[in-house]
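K.L.:
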Amino acid sequence: MRYIDEYRDGRLAKDIARQIATLADPARCYHFMEFCGGHTHAISRYGLEDLLPQNVQMIHGPGCPVCVLPIGRIDAAIALAMRPEITICTYGDLMRVPGSNGSSLLKARTAGADIRMVYSTLDALRIAEAEPDREVVFFAIGFETTTPPTALALRIAIAKELRNFSIFCNHVLTPAAIQNILESPDVRKLGTVKIDGFIGPAHVSTVIGTEPYEFFAEEFQKPVVVAGFEPLDVIQAILMLVRQVNDGRHEVENQYIRAVTTFGNEKAQTEIANFFELCESFEWRGLGEVPYGAVRLRPQYAEYDAEKRFSMVTPAVKDNPACECGAILRGVKKPADCKLFGTVCTPDTPMGSCMVSYEGACAAHWTYGRFREHAKASERGRAVA
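Okay, so the sequence shown: first residue is 2 according to the working numbering, each after it adds one.
Here it is in structure tokens:
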């Protein structure tokens with residue numbers, strides 16, 4: 002356990018926080034976006050924002066693949082699952098993401114659709130092997146981290162000549178999303194979202210490395226620090242960002258040196274390239290259409306592409322107008338800004354994907370942040386009294 006505990010040392014965290022407070026220029030405000038939902042969860046769970054000076058603020062980004070999946074893709078999967086010959090396999094957190102009109106994969110299963118929760122792509126392959134009379138579709142989702150296992154599943158399916166196995170591909174790409182955020186009206190024109198630097202994703206970077214972020218650092222003059230998910234990882238990354246801003250630098254730095262390299266896992270990258278190609282455009286919830294924001298199966302593997310195989314149609318569906326999930330994913334609002342948060346929208350009755358996923362900003366704030374906000378409000382009340 003010491004290899005975990007040493008990254009959760011509260012005394013060290015407070016020492017680093019004091020360094021940040023010393024270095025942070027009181028005449029300015031620092032705004033840093035943590036892209037990855039794992040970082041958002043760590044910040045909320047360990048109360049890191051409580052350690053930071055008031056002029057160092059964190060902005061929650063869109064870094065949860067379940068959260069950014071548009072409603073139309075959920076509806077398309079549900080429609081496919083209702084076909085009697087189809088078995089849909091996917092990860093557990095995706096089962097409860099709301100589709101349109103209050104639907105979800107979990108509710109579709111209750112209504113009789115054959116939808117099964119799996120822990121890996123290999124589970125879906127085993128189902129296809131065991132039930133050759135079923136058309137087994139793996140609802141693939143995730144960033145670059147989970148794309149290699151999907152590629153591996155395709156390789157195995159081809160080798161075993163599994164003709165009843167296919168992929169509904171929803172693998173999205175983080176560099177494209179970062180560029181979309183930096184080019185968005187919220188950042189460039191309206192100034193609604195101020196970003197002085199990024200905490201770069203951890204697991205994604207083990208695959209793609211730090212090199213892809215060089216463009217953003219140079220083009221938009223925003224520093225990027227790739228960090229691990231433990232509290233000391235995150236707060237050290239914030240310290241590194243403050244130093245860069247103070248020095249007028251905009252570089253890519255690697256805090257997560259125990260797992261991330263400059264060029265990443267080249268074998269995994271090759272496996273992805275063998276089976277997937279870039280989509281010209283892909284919709285992200287909250288961000289809209291993101292150019293080259295996802296991958297799709299290469300044409301030579303069309304028989305394993307569920308969208309082509311079953312002529313799937315993705316409907317254009319607008320988000321629930323009362324749900325602020327899209328704005329939260331863009332960093333425009335925080336969970337507590339949503340009128341539904343904690344009332345009709347809870348983990349038991351989620352109205353948006355941000356409350357469903359373990360890495361969603363609303364789920365993290367529900368589990369940890371709201372209690373600290375209540376405590377702070379009580380302290381302010383006692384101080385006034």
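Even glycine gets a Cβ: it sits at the ideal position worked out from N, Cα and C.
Just so it is clear, the structure is predicted and the values come from calculations on it, not from any experiment.
Scan the segment 31-68 and note each continuous alpha helix (DSSP H) run of 4 residues or more that stays entirely inside, going in chain order.
P.N.:
Whole alpha helix (DSSP H) segments, 4+ residues: 38-46, 49-52.
K.L.:
Measure the CB-CB distance between Ala317 and Gly370 and report whether it falls below 9 Å.
P.N.:
Taking the sequence shown and counting its residues from 1, the one referred to as residue 317 is at position 316. Taking the sequence shown and counting its residues from 1, the one referred to as residue 370 is at position 369. No, the Cβ-Cβ distance between Ala317 and Gly370 is not below 9 Å.
K.L.:
Could you pull out every unbroken alpha helix (DSSP H) segment of at least 4 residues lying fully inside the segment 267-308, listed in chain order?
P.N.:
Within the segment 267-308, the complete alpha helix (DSSP H) runs of at least 4 residues are 267-276.
K.L.:
Given a cut-off of 9 Å, decide if Ile21 and Val226 are closer than it, judged by their beta-carbon atoms.
P.N.:
To locate residue 226, count along the sequence shown from 1; it is residue 225. To locate residue 21, count along the sequence shown from 1; it is residue 20. No; because the gap between Cβ atoms is not below 9 Å, this pair is not in contact.
K.L.:
Which one or two residues does DSSP pair with Phe216 in a beta bridge?
P.N.:
Indexing the sequence shown from 1 puts residue 216 at position 215. Paired residues: none, contrary to the question.
K.L.:
Would Tyr120 be called buried (16 or more neighbouring beta carbons within 10 Å of its own) or exposed?
P.N.:
Sequence index remark: in the sequence shown, residue 120 carries index 119 (1-based). Tyr120 should be labelled exposed.
K.L.:
As an exercise, report each continuous alpha helix (DSSP H) stretch of at least 4 residues that is fully enclosed by the segment 102-151, in chain order.
P.N.:
Qualifying alpha helix (DSSP H) stretches, in chain order: 106-111, 122-131.
K.L.:
Applying the 10 Å Cβ sphere with the 16-neighbour rule, what's the burial state of Asp76?
P.N.:
Translated into positions along the sequence shown, residue 76 becomes position 75. Classification of Asp76: buried, given that the 10 Å Cβ count is 16 or more.
K.L.:
Under 7 Å Cβ to Cβ from Thr315, same chain only, skipping five residues before and after it: list those, please.
P.N.:
Along the sequence shown, one-based indexing puts residue 315 at 314. Excluding positions up to five away in sequence, the list reads Gly73, Arg74, Ala77.
K.L.:
State the DSSP-derived secondary structure class of Val246, mapped to helix, strand or coil.
P.N.:
Mapped onto the sequence shown, residue 246 falls at position 245. Reduced to three states, the DSSP call for Val246 is helix.
K.L.:
Helix, strand or coil, according to DSSP, for Ile196 in the structure here?
P.N.:
Residue mapping note: residue 196 aligns to position 195 of the sequence shown, counting from 1. Residue state, collapsed to three classes: coil.
K.L.:
CB-CB under 7 Å to Ala141, same chain, minus the five flanking residues each way: which ones, in chain order?
P.N.:
Numbered from 1 along the sequence shown, position 140 holds the residue referred to as residue 141. Only Thr151, Ile168, Phe169, Cys170, Asn171, His172 meet the Cβ criterion.
K.L.:
On the DSSP letters alone, give me the boundaries of the alpha helix (DSSP H) that Asn181 sits inside.
P.N.:
Residue numbering aside, residue 181 sits at position 180 when the sequence shown is read from its first letter. Element bounds for Asn181: 175-184.
K.L.:
Ends of the beta strand (DSSP E) at Val208?
P.N.:
For the purposes of this step, residue 208 is identified with residue 207 of the sequence shown, where counting begins at 1. No beta strand (DSSP E) holds Val208; the alpha helix (DSSP H) holding it covers 204-209.
K.L.:
Quick test of your reading: Cys65 and Ser358, contact by CB under 8 Å. State the CB separation rounded to the nearest angstrom.
P.N.:
Taking the sequence shown and counting its residues from 1, one reaches residue 65 at position 64. Taking the sequence shown and counting its residues from 1, one reaches residue 358 at position 357. That belief holds up - the Cβ atoms of Cys65 and Ser358 are roughly 5 Å apart, short of 8 Å.
K.L.:
Measure the alpha-carbon distance for His375 versus Trp367 and round it to whole angstroms.
P.N.:
On the sequence shown, position 374 is the one that residue 375 refers to. On the sequence shown, position 366 is the one that residue 367 refers to. With a pLDDT of 49 at His375, under the threshold of 50, the predicted position of this residue should be treated as unreliable, and no value is reported.
K.L.:
How far does the beta strand (DSSP E) with Ile168 in it reach, from first residue to last?
P.N.:
Taking the sequence shown and counting its residues from 1, one reaches residue 168 at position 167. Here the beta strand (DSSP E) through Ile168 covers 166-172.
K.L.:
Let me check understanding here. Comparing Cα to Cα, which of Ala307, Leu183, Tyr47 lies closest to Thr193?
P.N.:
On the sequence shown, position 192 is the one that residue 193 refers to. Taking only the C-alpha atoms, the option nearest Thr193 is Leu183.
K.L.:
Just to confirm, is the Cβ distance from Ile209 to Glu145 under 9 Å?
P.N.:
Indexing the sequence shown from 1 puts residue 209 at position 208. Indexing the sequence shown from 1 puts residue 145 at position 144. Their beta carbons are under 9 Å apart, which means Ile209 touches Glu145 by this criterion.
K.L.:
Apart from the five residues on each side of it in sequence, which residues of its chain come closer than 7 Å, Cβ to Cβ, to Lys195?
P.N.:
Indexing the sequence shown from 1 puts residue 195 at position 194. Here the set comprises His32.
K.L.:
Which residue comes first and which comes last in the alpha helix (DSSP H) that contains Thr23?
P.N.:
For the purposes of this step, residue 23 is taken as the residue at position 22 of the sequence shown. Unbroken alpha helix (DSSP H) run through Thr23: 11-24.
K.L.:
Suppose you measure from the CA of Cys326 to the CA of Ala109; what does that come to, to the nearest Å?
P.N.:
Looking up residue 326 in the sequence shown gives position 325. Looking up residue 109 in the sequence shown gives position 108. Taking the straight line from one Cα to the other gives about 23 Å.
K.L.:
Have a look at Met2 and Val205 and give me their C-alpha separation to the nearest angstrom.
P.N.:
Position 1 of the sequence shown, counted from the first residue, corresponds to residue 2. Position 204 of the sequence shown, counted from the first residue, corresponds to residue 205. For Met2, the predicted model reports a pLDDT of 49, less than 50, meaning its position is unreliable; a value from the coordinates is still stated below. Distance between the alpha carbons of Met2 and Val205 is about 24 Å.
K.L.:
Leaving aside the five residues before and after Asn266 along the sequence, list all residues of the same chain whose C-beta is less than 7 Å from its C-beta, in chain order.
P.N.:
Along the sequence shown, one-based indexing puts residue 266 at 265. Excluding positions up to five away in sequence, the list reads Thr207, Val208.
K.L.:
State the Cα-Cα distance for the pair Glu136 and Pro63, rounded to the nearest angstrom.
P.N.:
Within the sequence shown, residue 136 is the residue found at index 135, counting from 1. Within the sequence shown, residue 63 is the residue found at index 62, counting from 1. Each residue's Cα considered, the two are about 33 Å apart.
K.L.:
From this set, Pro27, Gly38, Lys15, Asp10, which residue's C-alpha is nearest Arg331's C-alpha?
P.N.:
The residue you call residue 331 lines up with position 330 of the sequence shown. Measuring from the Cα of Arg331, the nearest candidate turns out to be Gly38.
K.L.:
Measuring straight from C-alpha to C-alpha, what distance separates Met96 and Pro351?
P.N.:
Within the sequence shown, numbered from 1, the residue matching residue 96 stands at position 95. Within the sequence shown, numbered from 1, the residue matching residue 351 stands at position 350. About 12 Å.
K.L.:
With DSSP as the reference, label Ala317 as helix, strand or coil.
P.N.:
For the purposes of this step, residue 317 is taken as the residue at position 316 of the sequence shown. Reduced to three states, the DSSP call for Ala317 is coil.
K.L.:
So the beta strand (DSSP E) Ile258 belongs to, where does it begin and stop?
P.N.:
Taking the first residue of the sequence shown as position 1, residue 258 is located at position 257. Here Ile258 belongs to no beta strand (DSSP E), and DSSP marks it neither H nor E.
K.L.:
Measure the alpha-carbon distance for Ala114 versus Pro149 and round it to whole angstroms.
P.N.:
By 1-based counting over the sequence shown, the position of residue 114 is 113. By 1-based counting over the sequence shown, the position of residue 149 is 148. Cα to Cα, the separation comes out at about 28 Å.
K.L.:
Just to confirm my understanding: we take His42, look at its own chain, exclude 5 residues before and 5 after, and list those with CB closer than 6 Å. What are they?
P.N.:
Locating residue 42 in the sequence shown gives position 41, where the first residue counts as 1. Here the set comprises Glu360, Ala365.
K.L.:
What residue range does the beta strand (DSSP E) around Val225 cover?
P.N.:
Stepping through the sequence shown from its first residue, residue 225 is reached at position 224. Counting along the chain, the beta strand (DSSP E) containing Val225 begins and ends at 225-227.
K.L.:
Could you give the DSSP three-state label for Val357: helix, strand or coil?
P.N.:
Against the sequence shown, residue 357 aligns to sequence position 356. Residue state, collapsed to three classes: helix.
K.L.:
Measuring alpha carbon to alpha carbon, tell me which residue in Tyr214, Arg189, Gly229, Pro186 is nearest Ala203.
P.N.:
Within the sequence shown, the letter at position 202 stands for residue 203. Checking every option, the nearest Cα to that of Ala203 belongs to Gly229.
K.L.:
Hey, out of Ala274, Gly48, Lys319, whose CA is closest to Pro300's CA?
P.N.:
Position 299 of the sequence shown, counting from 1, holds the residue named residue 300. Ranking Ala274, Gly48, Lys319 by Cα distance to Pro300 puts Ala274 first.
K.L.:
Since Cys90 is in the beta strand (DSSP E), which residue starts that stretch and which ends it?
P.N.:
Within the sequence shown, the letter at position 89 stands for residue 90. It spans 87-91 - the beta strand (DSSP E) in which Cys90 sits, taken as one unbroken run.
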